[in-house]
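**Q**
Number of protein chains: 6
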Amino acid sequence: MTYLSRRITFSSAHRYFQKKFSEAENKKIFGKCYNEHGHGHNYVLEMTVGGSVDPLSGMVINLVEVDQILKTVTDPLDHHHLNFDVPEFSKIVPTTENIAKYCFEKIKDLLPREVNLEKVRLYEAEDLWVDYNG
Amino acid sequence: MTYLSRRITFSSAHRYFQKKFSEAENKKIFGKCYNEHGHGHNYVLEMTVGGSVDPLSGMVINLVEVDQILKTVTDPLDHHHLNFDVPEFSKIVPTTENIAKYCFEKIKDLLPREVNLEKVRLYEAEDLWVDYNG
Amino acid sequence: MTYLSRRITFSSAHRYFQKKFSEAENKKIFGKCYNEHGHGHNYVLEMTVGGSVDPLSGMVINLVEVDQILKTVTDPLDHHHLNFDVPEFSKIVPTTENIAKYCFEKIKDLLPREVNLEKVRLYEAEDLWVDYNG
Amino acid sequence: MTYLSRRITFSSAHRYFQKKFSEAENKKIFGKCYNEHGHGHNYVLEMTVGGSVDPLSGMVINLVEVDQILKTVTDPLDHHHLNFDVPEFSKIVPTTENIAKYCFEKIKDLLPREVNLEKVRLYEAEDLWVDYNG
Amino acid sequence: MTYLSRRITFSSAHRYFQKKFSEAENKKIFGKCYNEHGHGHNYVLEMTVGGSVDPLSGMVINLVEVDQILKTVTDPLDHHHLNFDVPEFSKIVPTTENIAKYCFEKIKDLLPREVNLEKVRLYEAEDLWVDYNG
Amino acid sequence: MTYLSRRITFSSAHRYFQKKFSEAENKKIFGKCYNEHGHGHNYVLEMTVGGSVDPLSGMVINLVEVDQILKTVTDPLDHHHLNFDVPEFSKIVPTTENIAKYCFEKIKDLLPREVNLEKVRLYEAEDLWVDYNG
Chain C
44 MTYLSRRITF SSAHRYFQKK FSEAENKKIF GKCYNEHGHG HNYVLEMTVG
94 GSVDPLSGMV INLVEVDQIL KTVTDPLDHH HLNFDVPEFS KIVPTTENIA
144 KYCFEKIKDL LPREVNLEKV RLYEAEDLWV DYNG
Chain V
44 MTYLSRRITF SSAHRYFQKK FSEAENKKIF GKCYNEHGHG HNYVLEMTVG
94 GSVDPLSGMV INLVEVDQIL KTVTDPLDHH HLNFDVPEFS KIVPTTENIA
144 KYCFEKIKDL LPREVNLEKV RLYEAEDLWV DYNG
Chain A
44 MTYLSRRITF SSAHRYFQKK FSEAENKKIF GKCYNEHGHG HNYVLEMTVG
94 GSVDPLSGMV INLVEVDQIL KTVTDPLDHH HLNFDVPEFS KIVPTTENIA
144 KYCFEKIKDL LPREVNLEKV RLYEAEDLWV DYNG
Chain Z
44 MTYLSRRITF SSAHRYFQKK FSEAENKKIF GKCYNEHGHG HNYVLEMTVG
94 GSVDPLSGMV INLVEVDQIL KTVTDPLDHH HLNFDVPEFS KIVPTTENIA
144 KYCFEKIKDL LPREVNLEKV RLYEAEDLWV DYNG
Chain H
44 MTYLSRRITF SSAHRYFQKK FSEAENKKIF GKCYNEHGHG HNYVLEMTVG
94 GSVDPLSGMV INLVEVDQIL KTVTDPLDHH HLNFDVPEFS KIVPTTENIA
144 KYCFEKIKDL LPREVNLEKV RLYEAEDLWV DYNG
Chain S
44 MTYLSRRITF SSAHRYFQKK FSEAENKKIF GKCYNEHGHG HNYVLEMTVG
94 GSVDPLSGMV INLVEVDQIL KTVTDPLDHH HLNFDVPEFS KIVPTTENIA
144 KYCFEKIKDL LPREVNLEKV RLYEAEDLWV DYNG
């Protein structure tokens, strides 16, 4: 098995807010991430696919295809406010954990069968990231 | 002259929107930065001060003081939506250019007289930044 | 399982020296790391915890808690000379391997039960690092 | 088990070209990587070895030995055109996948028995890399 | 004056070879950069323009325009072998110095008059770069 | 004028301590940098030279020469404790400011006359650096 990874970035706003929590709970659990109008990040998304290397092309998967999939998945997030603009995040808090899972599932649906989606890594910042593998 | 530079990061949401522009102009000039609910970035702010090195301490300025100033300046921006939460950016568009100028002026007011604020550099992303020197 | 990782830095001095080795052995095995007064690094410590995502908060663990643990573990190392100031490293050589294990065990003791410490990665420099998983 | 990783860089030219493909296929599959005279990259190679930590030296493996192995493996690639100068890549396309495998096998042959070559990671660019583990 | 900088990357092969030098001179001066079939790099090009900030748009120059210019300038270099594919570099050696000057002049011709091209910085690698300002 | 910059790293221990200060002053001014046995950093040194580009070689200065100079200057610092091992820093505090000036002067003495040493930049960490230009 050979693993190919590709990185893409997107810029989004988000707010941590759980309507089932009281205001005091929201403040205590989410701190400044609970600020009313949200804040934002340059997210870095890395996807890793595993597969066998085609003996002729020397590739696990064609990078053009990978880039189309990553663009399809991140376009609805990029330059958007996740809480307002992405239906999934009106129901669940757009934490790094939940966004990573969201990206994993969207990518998985689009990948061709010959390769396996091993992992998605999502960086909210250089010093904070989440790995999700389904 | 010796120049000391310090870097700090903050995470903000913003939206490019000029009420004096028509909707068509806003869309044309600002593109996806005009999306209604905004998006966000991990901003990296670098400030450079110039001065003479104190022969005893070996320092241009004490880093503790620098860090207090940078925190004072970026706290109102960090984990906030610039258009809503920072009065200056209800009047002017929170572009990298304007945020850099804002930071320069706020830092300049707080710096001790013995050092000179040479420059502020503000990165919106790794591949886009603005320098402002007053 | 979802994995959350957090990075923190600390700056330490250290010296590679094994009293059970002869001077010639110390020099041969440790090279310039054996220089008498030591040298130092900006260490980068990354910890990865695995757990399930809380459906309400959307988090594996609260980052405030993570940061307190990492600060508690690295404060005795930061701005210290490991050989002199950290009892463990008066007995064993403070190599990247041994410091990584030290950090892993200290973090493990402090982590709440609901999450699992998957791994600690310690960078001595951009081009040299150690992973330890218990 | 403790894992030690080391990074080295090398700069090579290469061209994606499969003589068993028609010109149209080469163009379609390889795009601009098929351009006649090739292009190039600053490759970043990371190797990870696993082993037990020697209780006296505190090391999995001596870094001097690691660096000699990595230099032996990358010297024939560094400042060379892979298609012309490396016999293996006159037969197979020098994709990141194939170069990673090449490096893994060369390193494995040179490593001492006490340690295990866990993985090789090869970056063609910051946003594209391949992991190979044998 | 406010200065806006933008970064773009391109991947090229090149060879250092001066036909007016003897073979011995070429070898002595250019070392392994003289290897017959060339090698390559991921170049990072940064351009800095200076101008006044438009009070309505908050911009020195529209980033869409900047990106078009940078793409126009780097497309003939990207995924090409500079010595073969770029006429200028059949006459002069494609050193970082000469490529930086080439990019500066091409960008200058395309920039609108309202902004001034302050500088071009070209990285051949993380640890080697050239600044050229006309 | 064309400017060429080169980066090199070295790892040193140091301690901030001024014998003309009282213990209380040392603690107040230097904080944890005053800890008795010192701490350390991976320093990154960048030097920038300016000159004209030789029309035949296409170079401002040969990189081999640059690297020899930088090695000569940093070898006495690398894997050393600056306060103990470098005579200059037994008299003045080895702050980033003073180390930058030290490197500038040592490099200047070794550079050939045809190029001008424009600047030395010294990073103590990613978020703290000093520029010195003589």
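Protein chains in written order, with the working numbering: chain C, 44 to 177; chain V, 44 to 177; chain A, 44 to 177; chain Z, 44 to 177; chain H, 44 to 177; chain S, 44 to 177.
We put the CB at the ideal spot given by N, CA and C, even for glycine.
Nothing here was measured: the structure is a model prediction, and the numbers come from that model.
Can you check the segment 99–171 of chain C for any beta strand (DSSP E) of at least 3 residues that lies completely inside it and give the ranges in chain order?
**A** 159–168, all fully within the segment 99–171 of chain C.
**Q** At 8 Å on the CB atoms, spell out the chain S contacts of glutamate 140(H), in chain order.
**A** Thr45, Leu47, Val96, Gly101, Met102, Val103
**Q** Ignore the nearest five residues each way along the sequence and tell me which others in threonine 45(Z)'s own chain have a CB closer than 6 Å to its CB.
**A** Val96, Val103
**Q** Applying a beta-carbon distance threshold of less than 7 Å, which residues of chain S neighbour aspartate 128(H)?
**A** None at all; the shortest Cβ gap to chain S is about 17 Å.
**Q** How is glycine 177(C) classed by DSSP in three states: helix, strand or coil?
**A** coil
**Q** Return the CA-CA distance between tyrosine 145(H) and tyrosine 166(V), expressed in angstroms with no decimal places.
**A** Cα-Cα distance, rounded: 26 Å.
**Q** Anyone know if the C-beta pair for leucine 113(Z) and valine 163(Z) falls short of 8 Å?
**A** no
**Q** When the distance is taken between beta carbons, is histidine 82(V) closer than 8 Å to glycine 93(C)?
**A** no
**Q** Examine chain H for any beta-carbon lying closer than 8 Å to the beta-carbon of cysteine 178(Z), and answer yes or no.
**A** Residue 178(Z) falls outside the range modelled here, since chain Z spans only 44 to 177, and no answer is possible.
**Q** Is there a Cβ from chain S that is less than 8 Å from the Cβ of alanine 56(A)?
**A** Answer yes: the Cβ-Cβ gap between alanine 56(A) and chain S drops below 8 Å somewhere.
**Q** Any Cβ of chain A within less than 8 Å of the Cβ of alanine 168(S)?
**A** yes
**Q** So, helix, strand or coil for glycine 81(Z), using DSSP?
**A** coil
**Q** So which of Leu106(S), Tyr59(S), Lys75(S), Asp118(S) has the shortest CA-CA distance to glycine 101(V)?
**A** Taking only the C-alpha atoms, the option nearest glycine 101(V) is Tyr59(S).
**Q** State yes or no: is the C-beta of leucine 125(V) within less than 8 Å of the C-beta of alanine 56(V)?
**A** yes
**Q** How would you list, in chain order, the residues of chain E whose beta-carbon sits under 7 Å from the beta-carbon of asparagine 85(S)?
**A** Looking for chain E here will not work: the only protein chains present are C, V, A, Z, H and S.
**Q** Is the beta carbon of cysteine 76(S) sitting closer than 8 Å to the one on histidine 122(A)?
**A** yes
**Q** Consult DSSP for phenylalanine 53(C) and reduce its assignment to one of helix, strand or coil.
**A** Phenylalanine 53(C): strand per DSSP, three-state reduction.
**Q** Chain H partners of valine 107(S), CB-CB under 8 Å?
**A** Gly74
**Q** Which residues in the same chain have their Cβ closer than 7 Å to the Cβ of glutamate 161(V), if we skip the five residues on either side of it in sequence?
**A** Tyr46, Thr91, Val92, Gly93, Asn176
**Q** Using the beta-carbon of each residue, which ones in chain V are nearer than 8 Å to arginine 50(H)?
**A** The contacting residues are Glu169, Asp170, Leu171.
**Q** Alpha carbon to alpha carbon, what distance is there between glutamine 111(C) and leucine 183(S)?
**A** Nothing in the structure corresponds to residue 183(S), since chain S is present only between 44 and 177.
**Q** Over the uninterrupted alpha helix (DSSP H) stretch that includes lysine 70(C), give me the two end residues.
**A** 66–73
**Q** Using beta carbons (cut-off 8 Å, strictly below), is lysine 70(S) in contact with chain V?
**A** no
**Q** For my contact list, isoleucine 51(V) and threonine 117(V) are in at a C-beta cut-off of 8 Å; report their separation, rounded to the angstrom.
**A** The Cβ separation is near 6 Å, so the contact holds.
**Q** Candidates Leu153(C), Thr138(C), Glu108(C), Val109(C): which alpha carbon is nearest leucine 99(A)'s?
**A** Thr138(C)
**Q** Around the C-beta of glutamate 184(V), are 16 or more other C-beta atoms found within 10 angstroms, so that it is buried, or is it exposed?
**A** Summary: the structure shown does not reach residue 184(V), with chain V confined to residues 44 through 177, and so no result is reported for it.
**Q** Tell me tyrosine 46(Z)'s beta-bridge partners as DSSP assigns them.
**A** Asp174(A), Gly93(Z)
**Q** Which chain V residues sit within Cβ distance under 8 Å of glycine 177(C)?
**A** What glycine 177(C) touches in chain V: nothing, since even the nearest Cβ is about 27 Å away.
**Q** Who are the near neighbours of glutamate 157(V) in its chain, counting only those whose CB is closer than 7 Å to its CB and skipping five residues on each side?
**A** Gly94
**Q** So which residues on chain C does glycine 93(V) lean against when the C-beta distance must stay under 9 Å?
**A** Within chain C, no residue comes near glycine 93(V); the closest Cβ sits about 28 Å away, beyond 9 Å.
**Q** Of the choices Ala143(V), Lys62(V), Ile135(V), Asp128(V), whose alpha-carbon is the least far from that of asparagine 78(C)?
**A** It is Asp128(V).
**Q** Round the Cβ separation of valine 173(H) and glutamate 148(H) to the nearest angstrom and send it over; I've been treating them as touching at under 8 Å.
**A** That belief does not hold up - the Cβ atoms of valine 173(H) and glutamate 148(H) are roughly 14 Å apart, past 8 Å.
**Q** Identify, in the order they occur along the chain, each residue of the same chain with its Cβ nearer than 6 Å to the Cβ of phenylalanine 73(S), setting aside the five sequence neighbours on each side.
**A** Tyr59
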